[in-house]
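Peer 1: Quick note, the sequences are listed as chains S and C, same order.
Numbered continuously in full-length UniProt numbering, the first sequence closes out at residue 295.
Numbered continuously in full-length UniProt numbering, the second sequence closes out at residue 295.
Below is a structure I'd like to ask you about.
2 protein chains.
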Amino acid sequence: MFTFDQLAGFIAVAEELHFGRAAERLNMTQPPLSRQIQKLEKAIGTELLERDNRKVQLTPAGGAFLEEAKRLMALAARAPVTARRIATGRSGVLRIGFTAASGFSILGPLLEEVAEIIPDVDVDLQELVTGEQIEGLLTGRLDLGLARPPFDRDTFDSHLLYREAMMLAVPEGHRLARLTRPVEDADFKDEPLIMHSPTKATYFYDLVVKLLPIQHANVVHTVSQVLTMVSLVAARRGVAFVPHSATLLGLKGVEFLPIAGMDTEQPVELHAIWNRKLENPALRRLLQDLEFRAE
Amino acid sequence: MFTFDQLAGFIAVAEELHFGRAAERLNMTQPPLSRQIQKLEKAIGTELLERDNRKVQLTPAGGAFLEEAKRLMALAARAPVTARRIATGRSGVLRIGFTAASGFSILGPLLEEVAEIIPDVDVDLQELVTGEQIEGLLTGRLDLGLARPPFDRDTFDSHLLYREAMMLAVPEGHRLARLTRPVEDADFKDEPLIMHSPTKATYFYDLVVKLLPIQHANVVHTVSQVLTMVSLVAARRGVAFVPHSATLLGLKGVEFLPIAGMDTEQPVELHAIWNRKLENPALRRLLQDLEFRAE
DNA sequence: AAACATGATGCCTTTCGGGTATTACTCGAT
DNA sequence: ATCGAGTAATACCCGAAAGGCATCATGTTT
Chain S
1 MFTFDQLAGF IAVAEELHFG RAAERLNMTQ PPLSRQIQKL EKAIGTELLE RDNRKVQLTP
61 AGGAFLEEAK RLMALAARAP VTARRIATGR SGVLRIGFTA ASGFSILGPL LEEVAEIIPD
121 VDVDLQELVT GEQIEGLLTG RLDLGLARPP FDRDTFDSHL LYREAMMLAV PEGHRLARLT
181 RPVEDADFKD EPLIMHSPTK ATYFYDLVVK LLPIQHANVV HTVSQVLTMV SLVAARRGVA
241 FVPHSATLLG LKGVEFLPIA GMDTEQPVEL HAIWNRKLEN PALRRLLQDL EFRAE
Chain C
1 MFTFDQLAGF IAVAEELHFG RAAERLNMTQ PPLSRQIQKL EKAIGTELLE RDNRKVQLTP
61 AGGAFLEEAK RLMALAARAP VTARRIATGR SGVLRIGFTA ASGFSILGPL LEEVAEIIPD
121 VDVDLQELVT GEQIEGLLTG RLDLGLARPP FDRDTFDSHL LYREAMMLAV PEGHRLARLT
181 RPVEDADFKD EPLIMHSPTK ATYFYDLVVK LLPIQHANVV HTVSQVLTMV SLVAARRGVA
241 FVPHSATLLG LKGVEFLPIA GMDTEQPVEL HAIWNRKLEN PALRRLLQDL EFRAE
């Protein structure tokens, strides 16, 4: 195998067509350069330069090899730069998970900030429910999640991005939609209810149960995604408690009503979460510049 | 700058994620391999591998650099092969010049042979008159010419490809076309004549003057290319002496008549010619396999 | 024919890379 | 808590390789 020094030597001689000048350019003397080229030719297995004792010229093989040699040197020069850029988080890939609902509220502005802070980093977006995001962050398939509590504070660090109110989603023209005041507990105590799954949407389930007097006998469906929930409301299957950002889904046939107390309280939280052992330099740089470390 | 050995070492460790096994794969011991990687990292300017004393894993920068390293090694492995292929004439470029007339006769079959003998060589075809071909062969812009004598036998080697008769081209329906015997000297002594240029088509000019009793007073045009000549005949400007291969041009409005004696004599020669100092290995191989050296 | 230019070769010194032996550290088992 | 196994890093030595200087061989110019 040849060496990079031999390639550099060959390129210099091929361009100067003169061993002495090429040696000067390489800050060395002519004899070792001659031997370098000889070794290179031996390694390649063919003559690259035709030298009669007066002049030097490229053989056809030498001409082709010159191209390859230049490509090699260029690649060799670029590779460390790329590596350093990635190590310092200025380049690379950032894999962000987000829930369907967060996609309609915070994701857009967040991506704008990301593009500003680390413009050369490719962002890989994946719509995932909170549980899948946690899993992804643990196994390293994901760098940053936009998810809801709870999560293990020892493994994950987080930053509260967003608080919002809970709303009551009702079918268009529903009797409650005619109210001019916020909905109160008594208003929905007899309504058929589309409820969050206690296993797959634990956060919403617990939140609703904690904050509102739910009649479990009224539950007609149990679903895990807010989008599904709103679709079922549109299909007049019942009413549902959804985060304010669900209003941004733009589905026809649904109205969203404020619930008494919720507008000030805004109990629904969305967090940016990440694995404490920051393995992706791009994420490290992003968090630094977003000043997310203080929490 | 790093070395190819360091790259190979890094690739092995990155793939095995274990210094000992990687060293084994490289037929060396573990300690120098460790130092190799350290030097590589120092040369790159960033950590490529994360090793706690229990396990080894790639950093993001290391992952990216692994790709580059593999590309470099692949390129480095291919370059000498390419160079050797070119040096042995099995790859590369062969630049062939040809005259318009030869393009209609011998060029096709010749290219078929070329494709058979050196299939991976790119053929670069250029339509040039004999003089331009000579020039190209001298300056190295051309490897092989299909041209007509004379040329300098000291500089050029050649091989007679083709002999052909001279024909008389006449406009369609011309009185001589009604003859049932070959045309004789007396038949065209009063015909308006389209003649070869004595400077740009020396070969044909000399040949015609030598073989036939030309009335120079009859010359109405002097042209350098056979195609032009035949076009002028079709335009009824006169008659012309052209090589038999001109019949292959397929122009309408022209008839080609045999000339007494010419059918046996076939005085028009087409040669393959090349510079004796064979600089293109592909040409050397072609000539060997075509057995053109004997002449 | 002599002087010059240029690439190759001989010889010496220094540098560098690999091998063996050993160390330092971590993890898992007892 | 201690010991042993596993693994990467370090110390030290030796031989190969690379570079520099002096010189040679050869072809060109005057």
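Even for Gly, the Cβ is constructed at its ideal location relative to N, Cα and C.
Computed from a predicted model, the values in this text were never measured in an experiment.
Check the Cβ of G45 of chain C against every Cβ in chain S and list those closer than 7 Å, keeping chain order.
Peer 2: Those within 7 Å of G45 of chain C in chain S are P80, R84.
Peer 1: Of all the CB atoms in chain S, is at least one closer than 8 Å to the CB of L58 of chain C?
Peer 2: So, not an interface residue.
Peer 1: Counting only beta-carbon atoms, is T155 of chain C nearer than 8 Å to chain S?
Peer 2: No, its Cβ sits nowhere closer than 8 Å to a Cβ of chain S.
Peer 1: Beta-carbon of R71 of chain S versus every beta-carbon of chain C: anything under 8 Å?
Peer 2: Yes, because at least one Cβ of chain C sits closer than 8 Å to the Cβ of R71 of chain S.
Peer 1: Buried or exposed: where does L160 of chain C fall if 16 or more other Cβ atoms within 10 Å of its Cβ makes it buried?
Peer 2: Exposed is the call here.
Peer 1: Does chain S have any CB closer than 8 Å to the CB of P281 of chain C?
Peer 2: Yes, P281 of chain C lies at the interface with chain S (some Cβ there is under 8 Å from its Cβ).
Peer 1: Residues in the same chain with beta-carbon distance under 8 Å from L283 of chain C, minus the five sequence neighbours each way, listed in chain order, please.
Peer 2: Excluding positions up to five away in sequence, the list reads G89, L94, D143, L144, W274.
Peer 1: Using a beta-carbon distance below 8 Å, is M28 of chain C in contact with chain S?
Peer 2: So no, M28 of chain C is outside the interface.
Peer 1: Cβ of V123 of chain C within 8 Å of Cβ of L111 of chain C?
Peer 2: Yes, Cβ-Cβ distance for V123 of chain C and L111 of chain C is below 8 Å.
Peer 1: Can you give me the start and stop residues for the beta strand (DSSP E) that G145 of chain S sits inside?
Peer 2: First-last of the beta strand (DSSP E) with G145 of chain S: 144 to 147.
Peer 1: Consider the Cβ of V65 of chain C: report whether some Cβ of chain S lies at a distance smaller than 8 Å.
Peer 2: Note that residue 65 of chain C corresponds to Phe in the displayed sequence, not to Val. So, interface residue.
Peer 1: Under a Cβ-count criterion, where at least 16 other Cβ atoms within 10 Å of its own Cβ denotes burial, should N53 of chain S be classed as buried or exposed?
Peer 2: Its Cβ having fewer than 16 others within 10 Å, N53 of chain S is exposed.
Peer 1: Taking 8 Å as the threshold (beta carbon to beta carbon), is E68 of chain S in contact with chain C?
Peer 2: E68 of chain S counts as touching chain C.
Peer 1: Compare the C-beta of F4 of chain C against all C-beta atoms of chain S and say whether one is closer than 8 Å.
Peer 2: Chain S contact via Cβ: present.
Peer 1: Consult DSSP for F10 of chain S and reduce its assignment to one of helix, strand or coil.
Peer 2: Of the three classes helix, strand and coil, the one that applies to F10 of chain S here is helix, per DSSP.
Peer 1: Going by the CB atoms, is the gap between G103 of chain S and E127 of chain S shorter than 8 Å?
Peer 2: Yes, Cβ-Cβ distance for E127 of chain S and G103 of chain S is below 8 Å.
Peer 1: Taking the alpha helix (DSSP H) that K189 of chain C falls in, what are its first and last residues?
Peer 2: Taken as a continuous stretch (DSSP letters only), K189 of chain C belongs to no alpha helix (DSSP H), as it is neither H nor E.
Peer 1: Less than 8 Å between the beta carbons of V183 of chain S and L257 of chain S, yes or no?
Peer 2: Their beta carbons are under 8 Å apart, which means V183 of chain S touches L257 of chain S by this criterion.
Peer 1: Can you confirm whether M1 of chain C, when its beta carbon is compared against all beta carbons of chain S, has any partner nearer than 8 Å?
Peer 2: With 8 Å as the cut-off, M1 of chain C counts as an interface residue toward chain S.
Peer 1: In the structure shown, what three-state DSSP assignment does G103 of chain C receive?
Peer 2: Looking at G103 of chain C - three-state DSSP - the assignment turns out to be helix.
Peer 1: Going by C-alpha to C-alpha distance, which of C:I194, C:R175, C:E50, C:Q6 sits closest to H216 of chain C?
Peer 2: The shortest C-alpha separation from H216 of chain C is found at C:I194.
Peer 1: Against A76 of chain S, what residues of chain C qualify as contacts under a CB-to-CB distance less than 8 Å, listed in chain order?
Peer 2: What A76 of chain S touches in chain C: M1, F2, L72.
Peer 1: Counting beta carbon pairs with one atom in the segment 27 to 38 of chain S and one in the segment 55 to 75 of chain S, are three or more of them shorter than 8 Å?
Peer 2: With the cut-off at 8 Å, the segment 55 to 75 of chain S and the segment 27 to 38 of chain S do not touch.
Peer 1: Within 10 angstroms of the Cβ of L48 of chain S, are there 16 or more other Cβ atoms? Answer buried if so, exposed if not.
Peer 2: The residue is buried, with at least 16 neighbouring Cβ atoms inside 10 Å.
Peer 1: Identify each residue in the segment 83 to 115 of chain C for which the Cβ-Cβ distance to at least one residue of chain S is less than 7 Å, and report them in chain order.
Peer 2: Listed in sequence order: A83, R84, I86, A87, G92.
Peer 1: Chain C beta carbons: is any one of them nearer than 8 Å to that of A61 of chain S?
Peer 2: Output row for A61 of chain S: interface = yes.
Peer 1: State buried or exposed for T99 of chain S, treating a residue as buried only when at least 16 other CB atoms are found within 10 Å of its CB.
Peer 2: Looking at its Cβ environment, which holds 16 or more other Cβ atoms inside 10 Å, T99 of chain S is buried.
Peer 1: Could you tell me the alpha carbon to alpha carbon distance between F188 of chain C and A272 of chain C, rounded to whole angstroms?
Peer 2: So the alpha carbons of these two residues sit roughly 33 Å apart.
Peer 1: Quick check: the Cα distance between D289 of chain C and E116 of chain C, rounded to an integer number of angstroms?
Peer 2: Each residue's alpha carbon lies about 10 Å from the other.
Peer 1: Do I106 of chain C and Y162 of chain C have their C-beta atoms closer together than 8 Å?
Peer 2: Yes, the pair counts as a contact, with Cβ atoms nearer than the cut-off.
Peer 1: In chain order, which continuous runs of the beta strand (DSSP E) of length 3 or greater are located wholly inside the UniProt domain "HTH lysR-type" (2 to 59) of chain S?
Peer 2: Complete beta strand (DSSP E) runs here, min 3: 49 to 52, 55 to 58.
Peer 1: Given this structure, state the Cα-to-Cα distance separating A169 of chain S from A260 of chain S, to the nearest angstrom.
Peer 2: Rounded to whole angstroms, A169 of chain S to A260 of chain S spans 14 Å at the Cα level.
Peer 1: Who does V126 of chain S pair with in a DSSP beta bridge?
Peer 2: Looking at the sequence provided, one finds Gln at residue 126 of chain S rather than Val. Beta-bridge pairing links Q126 of chain S to S:G97.
Peer 1: Since S275 of chain C sits in a beta bridge, which residues does DSSP pair it with?
Peer 2: In the sequence as displayed, the identity of residue 275 of chain C is Asn instead of Ser. C:F156, per the DSSP bridge assignment.
Peer 1: How close, in whole Å, do the beta carbons of V233 of chain S and V254 of chain S come, if the pair is a contact with beta carbons under 8 Å?
Peer 2: V233 of chain S to V254 of chain S, Cβ: 5 Å. Contact.
Peer 1: Let me know if M1 of chain S comes out buried or exposed under the rule of 16 or more other beta-carbons within 10 Å of its beta-carbon.
Peer 2: M1 of chain S is exposed by the Cβ-count criterion.
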